[in-house]
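Working notes, structure below.
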Amino acid sequence: MVGSMFFSHRLKQARGGVTDEARESFSSHFLLPAPENRFSSRLQDCVGMSNGGELLQIDPVELQFPFELKKQISCSMQLTNKSDNYVAFKVKTTNPKKYCVRPNTGIVMPHSSSDVKVTMQAQKEAPPDMQCKDKFLLQSVVASPGAAAKDITPEMFNKESGNYVEDCKLKVVYVPPQLPSPVREGSEEGSSPRASVSENGAVNTSEFNNISRAYNEQQDNSSEVIFMSKYLFASVRINIVTIYGLQPE
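Taken in order, the sequence shown gives residues 46 to 294; the numbers are from the working numbering.
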């Protein structure tokens, strides 16, 4: 009789919802942390990774250099201020001797944009696996109305002084350069093969063959061929790591 009453009471609670005891037990043993909690530190580390910081929007958020040996290479990013405030910015890098940033500080006026050009000095050797560990940090802060570049001071970006400073980390990515190829019948003049890598890291087979054929016909043994070989090898290696979950040595 007592057992039946207890069962009936539990059944009513179950119909009305999960019991507090069961809910607490389930939460402590089975619930996983919410995705936003697991990745919150990562998101805070780079406010503008989705192209949208509170102060400045950055496009693109990756610095892509069409890498070629013994050549200066440049790329640009656009800073857009959609607010009603004057915004000051400063660009820093982990490898200042390798890059030239112009301008490295400046003011973006309300509802306007500013371009920043990053130039990489000529490199004598291609990096291992065509991976670059260099990083850039773009800091932005609200400036006084009517402020100009000459009014920017280091103290403006000092967080310890209570200033709200927005940080965005930008990584450097090497992409294959535009390669020359002979004009063939039925092909558009001026077109040239270009290696591409899919989202899973796989090199496009047809484009790989076009590049190889073009260079074989030209019998080009220059440093660019060595670079492209390294790039394609690195891409295939990345693809293997992605598919099989292997860690590079």
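Backbone N, C-alpha and C define an ideal beta-carbon position, used for all residues, glycine too.
- The secondary-structure analysis by DSSP pairs residue 167 with nothing; it has no beta-bridge partner.
- When Cβ pairs closer than 8 angstroms are counted between the two stretches, the stretch 181-194 is seen to touch the stretch 204-223, the count reaching three or more.
- The secondary-structure analysis by DSSP pairs residue 126 across a beta bridge with 157.
- Per the coordinates, the alpha-carbon of residue 124 lies some 31 angstroms from the alpha-carbon of residue 174.
- The three-state reading of DSSP puts residue 192 in coil, since its state is none of H, G, I, E or B.
- For residue 176, no beta strand (DSSP E) segment is defined, and its DSSP state is neither H nor E.
- A direct Cα-Cα distance of roughly 29 angstroms separates residue 126 from residue 178.
- For residue 202, no beta strand (DSSP E) segment is defined, and its DSSP state is neither H nor E.
- Excluding sequence positions up to five before and after residue 119, its CB lies within less than 7 angstroms of the CB of 162, 163 and 164, all in the same chain and listed in chain order.
- According to the DSSP assignment, residue 99 belongs to no beta strand (DSSP E), since it is labelled neither H nor E.
- Less than 8 angstroms separates the beta-carbon of residue 105 from that of residue 122.
- In the DSSP assignment, residue 139 falls outside any beta strand (DSSP E), carrying neither H nor E.
- Within the same chain, and ignoring the five residues on either side of residue 194 in sequence, the residues whose Cβ sits closer than 6 angstroms to its Cβ are 151 and 152.
- When the Cα atoms are used, residue 191 and residue 129 turn out to be separated by approximately 12 angstroms.
- Under the three-state reduction of DSSP output, residue 210 falls in the coil class, being neither helix nor strand.
- Judged by DSSP in its simplified three-state form, residue 111 adopts strand.
- Leaving aside the five residues that flank residue 158 on each side, the residues in its chain whose CB is nearer than 8 angstroms to its CB run, in chain order, 123, 124, 125 and 126.
- Taking the CA atoms as reference points, residue 197 sits about 22 angstroms from residue 144.
- Exclusion of the five residues before and after residue 170 leaves 114 as the residues of its chain whose Cβ lies within less than 8 angstroms of its Cβ.
- When the Cα atoms are used, residue 155 and residue 135 turn out to be separated by approximately 17 angstroms.
- Shown here, residue 116 sits in coil according to DSSP, grouped into three states, outside any helix or strand.
- In the displayed model, residue 223 falls within coil according to three-state DSSP, outside both helix and strand.
- When the Cα atoms are used, residue 110 and residue 206 turn out to be separated by approximately 36 angstroms.
- Excluding its 5 nearest sequence neighbours in each direction, residue 107 has C-beta neighbours in its own chain below 7 angstroms: 215, 216 and 218, listed in chain order.
- For residue 138 and residue 131, the gap between their C-alpha atoms comes out near 24 angstroms.
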